[in-house]
Structures are given as structure tokens and as C-alpha cells.
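A short worksheet on the structure shown next.
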Amino acid sequence: MQGLFITLEGVDGAGKSSHLDWLGEFFKSRGRQVRMTREPGGTPLGEKLREIVLHDAMHPETEALIMFAARREHIAQVIRPALAAGEVVISDRFTDASFAYQCGGRGLPADKLERLEAWVQDGLQPDLTLLFDVPDQVARERLLAARDLDRFEREQRDFHARVRAAYLERARLQPGRIKVVDGSQTLAEVRRSLEALLGDLVAP
516 MQGLFITLEG
526 VDGAGKSSHL
536 DWLGEFFKSR
546 GRQVRMTREP
556 GGTPLGEKLR
566 EIVLHDAMHP
576 ETEALIMFAA
586 RREHIAQVIR
596 PALAAGEVVI
606 SDRFTDASFA
616 YQCGGRGLPA
626 DKLERLEAWV
636 QDGLQPDLTL
646 LFDVPDQVAR
656 ERLLAARDLD
666 RFEREQRDFH
676 ARVRAAYLER
686 ARLQPGRIKV
696 VDGSQTLAEV
706 RRSLEALLGD
716 LVAP
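Note that my numbering has the sequence shown beginning at 516, numbered continuously upward.
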């Protein structure tokens, strides 16, 4: 059985993490082996790098390089082996997040990240990316009601607005892969939307 690579994206507070377990169960109930993972992270080294990048101040280019270093390990140790074994890989964030946060949010030139993407991923792209989108104010209210915030979540409103705009622009440019999900809907409505989007991937 062919492997599937699905990624979840969205601004902090968009609600994507609320649907990770449900997505895993969706595919397991259809007889698929599922590998749940996340970025930054996904491997022992990646998790160490995650702690650094989420909590230590650094230059934006350093931040981007750490993200792609963790991603290279993630691809080599987790994603490609799982796909080769026919598993469904579901990742909480992948490269779209780098373009949204480091390019959109931090203002790094996209061409620098495109070169890193080509080198690190060697053609690997998700089969489907679910982009959870909510208005800026909704995301902000959810963040303020959440746990202790990391340094990305603590950024100012205009930073998150730029991240959201960058995500939506990528979805506009790559509509075949990136599907926008209205994260302001009720949980049941979001899951009906997800079932419709996933239908072609699970059709016999």
C-alpha cells in the first residue's frame, strides 16, 4: 500500500492540534498504519532542537537553519522510512511553517528557504496539507486563554497577521496540495470538512 504524507498547518491558535488524534483514528479505522509526528521535533535530536528554537532568542537566519536541520533528521529517520513502509505520516507542521513564520513573520527572503528546501527535502512534499485558518482576533483570544506561551506565540499581533497572510498566499499558489479549513467552525463542522477533503485519499 502506498504511503501518504499529510501535514497540518496554521497560525498559533488556529486549532489544528485539536484534530491530530482524530485524523490518526480516521486512517486507522480504515486499516492504515499511522505515524504521528511533529515539527520542529519528531526525532530525539529534533526534540532537543525544538526546545532551543521555541525558547532561546536568536537571529532569524539561525532560526531558519535550525528548523531545516531538524527537518533533515526528521525526513531521514522518520518520514521517508514510514512512507516506504506504506504508512500514513501525519505531521503537525512541515516546511510551509518555515515559509510562513521565517519568511512571512520574520521577513527572510523566500529564495534562501527555497534553496534549503530543495537541498533538505530532495523533492519530498506532502500529498495533502490541511491549513487551519481563523481570523486574527480569534487566534489571539485562544492564545491568551492557553498554556504558557513559547516565544513565537508571544509575538505581537502584526507578526501573527503576517504569518497568516503568508500561509494563505501559499494556499493560493498551491491549491492542489494545500486545502484551507475554516478553524472557526464548531468541532463537528470542522471534522465534516476534513472527511470531505480526505475522501479521495481513502477511496477504494
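All C-beta atoms in this analysis are idealised placements derived from N, C-alpha and C, irrespective of residue type, glycine included.
For the segment 671–684 and the segment 569–582, state whether three or more C-beta atom pairs, one from each stretch, are separated by less than 8 Å. Per the Cβ contact rule, the segment 671–684 is not in contact with the segment 569–582 (fewer than 3 Cβ pairs under 8 Å).
Determine the DSSP secondary structure at LEU658, reduced to helix, strand or coil. Helix at LEU658.
Whether or not the segment 658–674 and the segment 539–552 are in contact is what I'm after, with contact meaning three or more pairs of Cβ atoms, one per stretch, closer than 8 Å; do they touch? The segment 539–552, when compared against the segment 658–674, does not touch it at the 8 Å Cβ threshold.
Chain-order list of residues whose beta-carbon lies under 8 Å from that of LEU569 (same chain, five-residue window excluded): Cβ neighbours of LEU569 within its own chain (closer than 8 Å, five residues either side excluded): PRO555, ASP665, ARG666 and PHE667.
Option in ALA686, LYS627 and ASP536 with minimal Cα separation from GLU576: Closest in C-alpha terms to GLU576, from the list ALA686, LYS627 and ASP536, comes LYS627.
Under 7 Å between C-beta atoms of ASP607 and LEU535: Yes. Within cutoff.
Output the boundary residues of the alpha helix (DSSP H) element that contains SER613. It spans 610–613 - the alpha helix (DSSP H) in which SER613 sits, taken as one unbroken run.
What did DSSP end up calling ASP571 once you bin it into helix, strand or coil? ASP571: coil per DSSP, three-state reduction.
Host alpha helix (DSSP H) of CYS524 (start-end): Note that residue 524 is Glu in the sequence shown here, rather than Cys. Taken as a continuous stretch (DSSP letters only), GLU524 belongs to no alpha helix (DSSP H), being part of the beta strand (DSSP E) at 519–525.
Enclosing alpha helix (DSSP H) for ARG685 [first to last residue]: Note, ARG685: alpha helix (DSSP H), 672–688.
Could you tell me whether the segment 632–647 touches the segment 556–566, using the rule of 3 or more Cβ pairs below 8 Å? Short answer: they don't touch.
So what does DSSP say about PRO582, is it helix, strand or coil? This sequence places Met at residue 582; Pro is not what is there. It is helical.
Nearest neighbour of PRO641, chosen from SER532, GLU704, LEU702 and ARG595 [CA to CA]: Comparing Cα positions, the closest option is ARG595.
Simplified DSSP assignment, three categories, for ARG545: Reduced to three states, the DSSP call for ARG545 is coil.
Whose C-beta lies closer than 8 Å to the C-beta of VAL593 among residues of the same chain, with five residues either side of it excluded? So the list reads ARG550, THR552, GLY557, THR558 and VAL604, once near-sequence residues are dropped.
Using the Cα positions of GLU656 and ALA599, report the straight-line distance between them to the nearest angstrom. C-alpha separation (whole angstroms): 41 Å.
Determine the direct distance from the alpha carbon of GLY691 to that of LEU643, and round the result to whole angstroms. Cα-Cα distance, rounded: 8 Å.
Please report the Cβ distance between LEU646 and LYS694, rounded to the nearest whole angstrom; I am assuming they are in contact, meaning their Cβ atoms lie under 8 Å. Confirmed, about 7 Å.
Report the rounded CA-to-CA distance for LEU523 versus ASP651, giving the unit in angstroms. Each residue's Cα considered, the two are about 18 Å apart.
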